[in-house]
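Right, one structure below, let's go through it.
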Amino acid sequence: MTEFTVSEKMGRTRRWLLAYPRAVPIAIFLLIAAVTATSVFAIERIEDERSRAQLRANMAMIGSALERRASTTSAYLRAGASLFSAMGEVPADRFRSFVTELRLDAAYDGTDGVGWAARVDPGEIAEFETATGIATGTAFTIRPQLAADQPYAMPVTFLQPPTVRNRRALGFDMQAEPARRAAMIEGERNARPTATGKVVLEQEGGADAPGFLVYMPVFGSGVEARELKGFIYSPINAGKFLETALALEAVEGVGIHIYDRFVSPENLLASAGASHAEGETTRLVVNVANRPWILEVQAGRTAILSPLSLVTLLFGLLVASLLMLLVRMLTKQAFEDARTLAWLEEQGSIRNSLTRELNHRVKNTLANVLSIIALTRRRTGNVDEFVAGLDGRIRALSATHDLLTRSDWGVTPLRDVIEAELAPYVKSHDHRVELQGPDIRLAPSDALSLGLAIHELATNAAKFGALSQPGGRLDIKWTPIADSLARVEWIESEGPPVPQERKTGFGTDLLERIVAHELKNPIDLEFRPEGVRCTLVIPLREPAEFRMRGRD
């Protein structure tokens, strides 16, 4: 039962291969390719999720680093506010000592230091400028001048460390600039460190480098409680701030942008890494000193396919190609098997046809031989003459049979038949034999009849005609006279005169009875004085009428 089922399945598979020789291999290739594509899609989805998770992790680390940097700055400023709130005034040497004692560590890198901005009422400006100039040892002027509606000034009084860059900011009234003023008002209201929006620091000297400031209000103590004395603050370059924050985390291959409150080109504070406009983008709100920032992290666009997907794709295509090739080979083998079976069936049919045809042709040949024997017996007076005549005629049939055998009993060139029968008589150079005519091919039975006719004519010519003496001439010409007929002319000349009174011999009977009957056309035989002339009309048949075996 199992063997039958397996054989049945194999037969069904072979029928499919034979019925769809191109579709089956392609279908198998497409099926494997579809499975491969599905696998690659699943792998890519997993890779995308992993990339997104990694991007979110990077964003969280960067946001945490920014908030830690801001918290460190706020802690320093809170410490200063606690100290200065207990003091009546903030002298230059005391402020300088305070900043030095802070011993700002590496986490404070990216800022321009720590500054003090004292509150100065309009009536105290001149006195404040003089006192501050004496304390700092340099000329001190508040700029720009107070507006008419401005209640007080908040000039940069001290800024440590005292670098050339920081000295540019001394005397600048931060109340005169809206972004700084808004942050100070918010800080005074909440009494905690507050960052400004996007500004350009005075330290930049006119350069367009975005920055921000973190203000911590300082109030008086005792009866002066809640009376604003000034602000301790830290000016920060946004680009350096981001750079130092990223130095705390190992983040690579992403683009980072910081925006103040809203994502827009005018609110861009700082950028780091390469910009990846086509990559995955994730955003996070980060609170820096009581002000919301938008952190935008862009992942670089990876390769079209991940390494695992690429390996899977290549392996799948390889398997699909090999299977398609294997099925193609099986299809070819199935065709070869089917062709072999068809050929064997054809050969069996041909063998049966050959057997029938051979029986038919052997009977015809034997019938011709019997006719030749009968005619020879009636025309000869003794056994030797009978044997000699019969031997020559049988040899003529044998020579033509050799030609037919070499041609596989197919068509035989007319010229070859004539040359085979004349071969015993043209070895001598004492006479001339001319053959002239186009390439005409004869059916086997017609070739046999023509060969027998040429043998009789040649035997007669060798005994009594042009081939019996030196100088004799024989011309044989053939030409098509219709699509299915050809004429063969036998012309003897320059031989001995032909007697006009003569009895009918065996050759004449053979030609006029047997050959004419086989060729199905009469033979015109003339015994002219100058030489014998014979005209034969031979049918030209299509190979399909006599072909014995089919093509391979």
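For the sequence shown, the residue numbers in my numbering are 299 to 850.
We put the beta carbon where it would ideally sit given N, CA and C, even for glycine.
Per-residue DSSP class, three states only, for residue i
i, result
"Q448", "coil"
"V584", "strand"
"E792", "coil"
"S532", "strand"
"D635", "helix"
"S607", "helix"
"M385", "coil"
"S562", "coil"
"Q798", "coil"
"G708", "coil"
"L620", "helix"
"F470", "strand"
"V724", "coil"
"F762", "coil"
"T436", "coil"
"H753", "helix"
"A545", "helix"
"A568", "strand"
"G735", "coil"
"H729", "coil"
"D781", "coil"
"D700", "helix"
"P742", "helix"
"I592", "strand"
"R831", "strand"
"P323", "helix"
"R490", "coil"
Per-residue burial, residue i [other beta carbons within 10 Å of its own, 16 or more giving buried]
i, result
"N650", "exposed"
"I344", "exposed"
"I360", "buried"
"Q631", "exposed"
"W641", "exposed"
"E790", "buried"
"E719", "buried"
"M622", "buried"
"G793", "buried"
"R367", "buried"
"T629", "buried"
"R811", "exposed"
"A404", "Residue placement at A404 is poorly supported in this model, since its pLDDT is 48, which falls under 50; the coordinates still yield a value, given next. By the 10 Å Cβ count, A404 comes out exposed."
"L457", "buried"
"T409", "buried"
"I743", "First, the amino acid is wrong: residue 743 is Ser here, not Ile. Counting Cβ neighbours within 10 Å, S743 comes out buried, since at least 16 surround it."
"I774", "buried"
"M627", "exposed"
"I432", "exposed"
"V462", "exposed"
"T430", "buried"
"T436", "exposed"
"S372", "buried"
Residues bridged to residue i (per DSSP)
i, result
"V412", "Q458"
"M514", "I530"
"W776", "V786"
"A597", "V552"
"A332", "For A332, which the question treats as bridged, DSSP gives no partner whatsoever."
"L808", "None, per the DSSP bridge assignment."
"I836", "A784"
"V497", "G509"
"V418", "A451"
"R441", "F470"
Beta-carbon separation (whole angstroms), residue i vs residue j, contact threshold 8 Å
i, j, result
"P533", "L526", "Going by Cβ atoms, the distance from P533 to L526 rounds to 20 Å, so no, they are not a contact pair."
"L755", "L712", "Not confirmed; about 15 Å, so no contact."
"A415", "V454", "6 Å"
"T580", "M357", "5 Å"
"L593", "L364", "7 Å"
"T336", "L615", "No, T336 and L615 are not in contact; Cβ-Cβ is about 14 Å, not under 8 Å."
"P797", "I738", "In fact, because the Cβ distance is near 34 Å, the residues do not count as touching under 8 Å."
"I752", "V709", "Going by Cβ atoms, the distance from I752 to V709 rounds to 18 Å, so no, they are not a contact pair."
"I530", "L540", "Incorrect: roughly 23 Å between the Cβ atoms, too far for contact."
"M452", "G571", "That pair is no contact at about 37 Å."
"Y374", "V412", "7 Å"
is_contact[residue i, chain B] using C-beta, thresh 8 Å
i, result
"F327", "Absent here is chain B; the protein component of the structure consists of one chain."
beta-carbon residue i near the ligand COA non-hydrogen atom, thresh 7 Å
i, result
"A741", "The ligand COA is not part of the structure shown, which contains no ligands of any sort."
Just checking, does the stretch 439–451 make contact with the stretch 372–389 on the three C-beta pairs under 8 Å criterion?
no
Answer yes if the stretch 558–569 comes into contact with the stretch 502–514, meaning at least three C-beta pairs across the two stretches below 8 Å, and no otherwise.
yes
For the stretch 738–751 against the stretch 809–828, are there 3 or more C-beta pairs whose distance is under 8 Å?
yes
So, do the stretch 459–471 and the stretch 481–493 have three or more beta carbon pairs nearer to each other than 8 Å?
no
Three or more C-beta pairs below 8 Å linking the stretch 599–617 and the stretch 385–400
no
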